[in-house]
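Asks: Add 1 to a position in the sequence shown, counting from 1, and you land on the number used in my numbering.
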Amino acid sequence: MSKQSIFGRIAQLTKANINALLDSAEDPEKMLDQMVRDYTSSIADAESAIAETIGNLRLAEDDHREDIEAAASWGAKALAASRKADEYRAAGGEGTAADADRFDSLAKVALQRQIQSEKEATDAEPQIASQTEIVDKLKTGLTTMKQKLDQLKSKRSELVARSKSAAAQAQVLDAVKSVDILDPTSEVSRFEDKIRREEAKVRGASELAASSLDSQFDQLDDLGELTEVDARFAALKAGGSSTPSITP
Numbered sequence: 002m003s004k005q006s007i008f009g010r011i012a013q014l015t016k017a018n019i020n021a022l023l024d025s026a027e028d029p030e031k032m033l034d035q036m037v038r039d040y041t042s043s044i045a046d047a048e049s050a051i052a053e054t055i056g057n058l059r060l061a062e063d064d065h066r067e068d069i070e071a072a073a074s075w076g077a078k079a080l081a082a083s084r085k086a087d088e089y090r091a092a093g094g095e096g097t098a099a100d101a102d103r104f105d106s107l108a109k110v111a112l113q114r115q116i117q118s119e120k121e122a123t124d125a126e127p128q129i130a131s132q133t134e135i136v137d138k139l140k141t142g143l144t145t146m147k148q149k150l151d152q153l154k155s156k157r158s159e160l161v162a163r164s165k166s167a168a169a170q171a172q173v174l175d176a177v178k179s180v181d182i183l184d185p186t187s188e189v190s191r192f193e194d195k196i197r198r199e200e201a202k203v204r205g206a207s208e209l210a211a212s213s214l215d216s217q218f219d220q221l222d223d224l225g226e227l228t229e230v231d232a233r234f235a236a237l238k239a240g241g242s243s244t245p246s247i248t249p
């Protein structure tokens, strides 16, 4: 993956509105897991790209520094050669003139090398500035991505905890429903109805028994009345009165 594509991916991820994405997600927990994987992978790619970019930048800075040092060195050599040529000319003589020309030629060569080193240093400066800007942006983006990753992990932990809490509450509610004595569908309620029916049956049997006893007493009363009739009838036949004597 190129540095530019990594930089674009970092920019895209760091601008993502996590809450908005979660609100529109069908399965937020799965989406969070995928986002954590994406961020982790992108962070690894970004760290690799940043390390490579920083390495290239440091090499460019080293070359730039060497070019500047080389330009200064060649400038010093050109000056030394020029002064040496001046010394030979000041001394005069046929041989010294040739030496002076030779040192002047060396001075010119040194100046050419100085100009070349200065040009290489100058040409490298825009590239160094560009790479420095890229490194700074990548570092900033990487820091933001790591913060987003922490936010994602925290959000995921929160959702998982809430999901487990909701599941636990549902289990508790189911357990409460299963033992609710006021619930007409519960086992306790059905058992209570069965007992009430048995109690009603006992009351019915009691009432029936009581009714039978009253009937027996009524029969005894009827028997007493018949016995009294027979006694009076016998007295009547004997020529007596049908009215029994009443002792005051």
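All residues carry an ideal CB built from backbone N, CA and C; glycine is no exception.
Quick caveat: nothing in here was measured; it's all calculated off a predicted structure.
1. Taking just the CA atoms, how far does D64 sit from E119?
2. When you compare the region 146 to 166 with the region 29 to 40, are there three or more beta-carbon pairs, one atom per stretch, that lie closer than 8 Å?
3. Identify every run of the alpha helix (DSSP H) within the region 97 to 171, keeping only runs that are complete inside it and at least 4 residues long; order them along the chain.
4. Measure the C-alpha to C-alpha separation of A86 and G76 and round it to an integer number of angstroms.
5. Take every Cβ of the region 90 to 104, pair it with every Cβ of the region 124 to 135, and state whether three or more of those distances are shorter than 8 Å.
6. Quick one: residues in its chain with C-beta nearer than 6 Å to the C-beta of A270, no 5 flanking neighbours on either side, listed in chain order?
7. Given that a residue counts as buried once 16 or more other Cβ atoms are within 10 Å of its Cβ, and exposed if not, what is K109?
8. Is D39 helix, strand or coil when you go by DSSP?
9. Measuring CB to CB, does L107 end up less than 7 Å from A82?
10. Thinking C-beta only, is A79 closer than 7 Å to A101?
11. Could you check the C-alpha separation between I55 and A130 for me, to the nearest Å?
12. Indicate the three-state DSSP secondary structure (helix, strand or coil) for A235 in the structure shown.
13. Is the separation between the beta-carbon of L143 and that of Y40 shorter than 7 Å?
14. Please state whether the Cβ-Cβ distance between V136 and L60 is less than 7 Å.
15. According to DSSP, simplified to helix, strand and coil, what is G76?
Replies: This is what the structure gives:
1. The straight-line gap from Cα to Cα measures roughly 12 Å.
2. The answer is yes - the region 29 to 40 touches the region 146 to 166, with three or more Cβ pairs under 8 Å.
3. Within the region 97 to 171, not a single complete alpha helix (DSSP H) segment reaches 4 residues in length.
4. The alpha-carbon atoms of A86 and G76 are separated by roughly 15 Å.
5. Too few Cβ pairs lie closer than 8 Å, so no.
6. Lying outside 2 to 249, the shown extent of the chain, residue 270 is not represented and no answer is given.
7. K109 comes out exposed.
8. If DSSP states are grouped into helix, strand and coil, D39 belongs with the helices.
9. Yes, these two residues count as a Cβ contact at 7 Å.
10. 7 Å or more divides the Cβ of A101 from the Cβ of A79.
11. Separation of I55 and A130 (C-alpha to C-alpha, rounded to the nearest whole angstrom) is 12 Å.
12. The answer is helix: DSSP assigns A235 an H, G or I state.
13. Cβ atoms of L143 and Y40: not closer than 7 Å.
14. For V136 and L60, no; Cβs fall outside 7 Å.
15. Three-state result, G76: helix.
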